[in-house]
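Take a look at the structure set out below.
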Amino acid sequence: MVLPWRGSARLWYALRVGGACALALFVAACCQPQSSGPPGGPPATEGEGEEETPPETPVYTYQVVNAYPHDTEAFTQGLVYEEGLLLEGTGLHGKSSLRRVALETGAVIQQHDLEAAYFGEGIATVGDRIIQLTWRENRGFVYERASFALLGQFQYPGEGWGLTYDGNRLIMSDGTHVLRFLDPETFEETGSVRVRDKDRYITRLNELEYIKDEVFANVWQSDYIARIDPATGSVTGWINLTGLLASHTKQRPPDVLNGIAYDAAGDRLFVTGKNWPLLFEIRLVAARIATPNASTPN
Ligand SMILES: [Ca+2]
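In terms of the numbering used here, the sequence shown opens at residue 91 and continues consecutively.
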């Protein structure tokens, strides 16, 4: 089943989004940091007068609580925790899949392969359904959660990167600094926010996870996760995951960090990377925050 899409609405939408993206890319290019830090990482703050420097955005580091095997054939693009298991969406043409994976062994319990024409991206669960985006095919897939049976498809303009669900809305990234909100039944866009840290737009937002009223977002080609207030788009904190894989293996990361999942009942946070041999449960540590006396780890 392909959900109906109104042609005129699509054209209007494409024009609106296209124009907005062009402007956004121009603005984002103007706002890129001029000095230190990886792409998308915390902004440099040097060079300003002490009295005029705004409070720094908190930066968290991590403690590794557990490390679990992860399939190095999995080009991780979407990750969701599900009662002792993980749901994982993988990418690359000809290798894209939807999987159900045992957390502790990394064993693939169930798998649905996408046709080679599709490059799988973010996934999210909505009740008894799983939604999966594709990169540049403008196509989303809807599966029955238990069986992975394909229930339907939908279309959207622009690229598909990350996806998560806040209980009411799907939240989608597309490689820019914009998060879109989608109706989980019709997949129509219902709003959007532009993500910024102070006066700097944060682009390349990738895999997403909704955690306690915040959106956590991998920033592509960086070791950072942005913590975002979805009401405003403001980055409220950064998680610096530098050295995460190296802390357990001598292997160089085969590709970038990507994949965030949250066990709400157990308050456990999981992260991994594309083709990584390990998936980690981590605990956040407040490493550097604006107030010197408030550095207690949480
Ligand atoms: Ca996720």
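The beta carbon of each residue, even a glycine, is placed where N, CA and C say it ideally should be.
Considering only residues of the same chain and omitting the five flanking positions on each side of Q201, which have a CB-CB separation below 6 angstroms? Position 111 of the sequence shown, counted from the first residue, corresponds to residue 201. For Q201, the CB contacts under 6 angstroms within the same chain, skipping 5 residues up- and downstream, are S187 and R189 in chain order.
Can you give me the C-alpha to C-alpha distance between V309 and H267, rounded to a whole angstrom? Within the sequence shown, residue 309 is the residue found at index 219, counting from 1. Within the sequence shown, residue 267 is the residue found at index 177, counting from 1. Distance from the CA of V309 to the CA of H267, rounded to the nearest whole angstrom, comes to 10 angstroms.
Does the distance between the C-beta of L298 and the nearest non-hydrogen atom of ligand 1 fall short of 7 angstroms? Position 208 of the sequence shown holds residue 298. Flag set: Cβ of L298 near ligand 1.
Hey, how far is the Cα of V375 from the Cα of G250? By one-based count along the sequence shown, residue 375 stands at place 285. By one-based count along the sequence shown, residue 250 stands at place 160. Roughly 31 angstroms between the two C-alpha positions.
Residue interval of the beta strand (DSSP E) (run including R39): Residue 39 falls outside the range modelled here, since the chain spans only 91 to 388, and no answer is possible.
As assigned by DSSP and simplified to three states, the class of T381: Within the sequence shown, numbered from 1, the residue matching residue 381 stands at position 291. Low local confidence applies: a pLDDT of 43 at T381 is under 50, so the model's placement there is unreliable, with the coordinate-based value given in what follows. In the structure shown, T381 adopts coil according to DSSP, grouped into three states.
Within a Cβ cutoff of 6 angstroms, which residues of the same chain sit near R373, ignoring the five residues on either side of it in sequence? Your numbering for residue 373 matches position 283 in the sequence shown. Answer for R373: Q153 and V155, listed in chain order.
Check: I350 C-beta below 7 angstroms from any heavy atom of ligand 1: The sequence position of residue 350 within the sequence shown is 260, counting from 1. Closer than 7 angstroms to some heavy atom of ligand 1: that describes the Cβ of I350.
Quick test of your reading: F209 and R226, contact by CB under 8 angstroms. State the CB separation rounded to the nearest angstrom. Sequence index remark: in the sequence shown, residue 209 carries index 119 (1-based). Sequence index remark: in the sequence shown, residue 226 carries index 136 (1-based). About 7 angstroms; that satisfies the 8 angstroms criterion.
Please report the distance separating the alpha-carbon of D319 from that of R286. As a position in the sequence shown, residue 319 is number 229, starting the count at 1. As a position in the sequence shown, residue 286 is number 196, starting the count at 1. One C-alpha to the other measures close to 10 angstroms.
If I measure Cβ to Cβ from P387 and keep anything under 7 angstroms in the same chain, skipping five residues before and after, which residues do I get? By one-based count along the sequence shown, residue 387 stands at place 297. Only weak support is given to the placement of P387: the predicted model assigns it a pLDDT of 36, under 50, and the value that follows is read from those uncertain coordinates. Within the same chain, Cβ atoms closer than 7 angstroms to the Cβ of P387 are found at V375 and A376, the five residues on either side in sequence being excluded.
Taking T339 as the reference, which of T147, P148, A157 and P145 has the closest Cα? For this step, residue 339 is matched to residue 249 along the sequence shown. Per the Cα distances, A157.
Would you check if the region 354–366 and the region 164–171 touch, i.e. whether three or more CB-CB distances between them fall below 8 angstroms? The region 164–171 vs the region 354–366: in contact.
V170: CB within 7 angstroms of a non-hydrogen atom of ligand 1: Stepping through the sequence shown from its first residue, residue 170 is reached at position 80. True, at least one ligand heavy atom lies under 7 angstroms from that Cβ.
Let me make sure I understand the geometry here. Which of G184, G174, P274 and H183 has the alpha-carbon closest to that of A81? This structure leaves residue 81 out entirely; the chain is present only between 91 and 388.
I'd like to know whether the C-beta atoms of I315 and I350 end up nearer to each other than 8 angstroms. The count along the sequence shown starts at 1 and reaches residue 315 at position 225. The count along the sequence shown starts at 1 and reaches residue 350 at position 260. In contact: I315 and I350 (Cβ atoms closer than 8 angstroms).
Boundaries of the beta strand (DSSP E) in which Q311 is found, first to last residue: If you number the sequence shown from 1, residue 311 lands on position 221. Looking at the DSSP string, Q311 is not in any beta strand (DSSP E), and its letter there is neither H nor E.
In angstroms with no decimal places, state the Cα-to-Cα distance between K288 and S324. In the sequence shown, the residue the question calls residue 288 occupies position 198. In the sequence shown, the residue the question calls residue 324 occupies position 234. Distance between the alpha carbons of K288 and S324: 7 angstroms.
By DSSP, does M91 sit in helix, in strand, or in coil? Here residue 91 is taken as the residue at index 1 of the sequence shown, counted from 1. Low local confidence applies: a pLDDT of 38 at M91 is under 50, so the model's placement there is unreliable, and no value is given.
What three-state label does DSSP hand G127 in the structure shown? Position 37 of the sequence shown, counted from the start, is the residue given in the question as residue 127. In this prediction, G127 scores a pLDDT of 35, lower than 50, which makes its location untrustworthy; no coordinate-derived value is stated.
Beta-bridge partners of Y255, as assigned by DSSP: Taking the sequence shown and counting its residues from 1, one reaches residue 255 at position 165. Note: Y255 is bridge-paired with L260 in the DSSP secondary-structure output.
Hey, how far is the Cα of N258 from the Cα of K185? If you number the sequence shown from 1, residue 258 lands on position 168. If you number the sequence shown from 1, residue 185 lands on position 95. Distance from the CA of N258 to the CA of K185, rounded to the nearest whole angstrom, comes to 31 angstroms.
Given L240, which residues of its chain have a CB within under 7 angstroms of its CB, disregarding the five upstream and five downstream residues? For the purposes of this step, residue 240 is taken as the residue at position 150 of the sequence shown. Taken in chain order, the residues that qualify are F231 and Y233.
Thinking just about the alpha-carbon of each residue, which of T147, E194 and H183 is nearest to the one in E371? Numbered from its first residue, the sequence shown carries residue 371 at position 281. That would be E194, whose Cα lies nearest to the Cα of E371.
Measuring CA to CA, which of V149, T326, V346 and V170 is closest to I221? The residue given as residue 221 occupies position 131 in the sequence shown. Of V149, T326, V346 and V170, the smallest CA-CA separation from I221 is found for V170.
Alpha-carbon spacing of D203 relative to K302, whole angstroms: On the sequence shown, position 113 is the one that residue 203 refers to. On the sequence shown, position 212 is the one that residue 302 refers to. Rounded to the nearest angstrom, the two C-alpha atoms are 32 angstroms apart.
Under a Cβ-count criterion, where at least 16 other Cβ atoms within 10 Å of its own Cβ denotes burial, should T180 be classed as buried or exposed? Taking the sequence shown and counting its residues from 1, one reaches residue 180 at position 90. Flag for T180 reads buried.
Which first and last residues belong to the beta strand (DSSP E) in which H202 is found? What you label residue 202 is simply residue 112 of the sequence shown in a count that begins at 1. V198 to D203 is the span of the beta strand (DSSP E), which, as asked, contains H202.
With a floor of 3 residues, list each beta strand (DSSP E) that falls wholly inside the region 274–299, ordered by position along the chain. If one requires a minimum length of 3 residues, the beta strand (DSSP E) runs lying completely within the region 274–299 are 279–284, in chain order.
Within 8 angstroms, strictly: CB atoms of G168 and E297: Here the question's residue 168 lines up with position 78 in the sequence shown. Here the question's residue 297 lines up with position 207 in the sequence shown. Taking 8 angstroms as the cut-off, the Cβ atoms of G168 and E297 count as close.
Run through DSSP, which three-state label would W225 get? Stepping through the sequence shown from its first residue, residue 225 is reached at position 135. Note: W225 maps to coil in three-state DSSP.
Rounded straight-line distance, which links the Cα of E211 to that of L331: Here residue 331 corresponds to residue number 241 of the sequence shown, with the count starting at 1. Here residue 211 corresponds to residue number 121 of the sequence shown, with the count starting at 1. Cα to Cα, L331 sits roughly 22 angstroms from E211.
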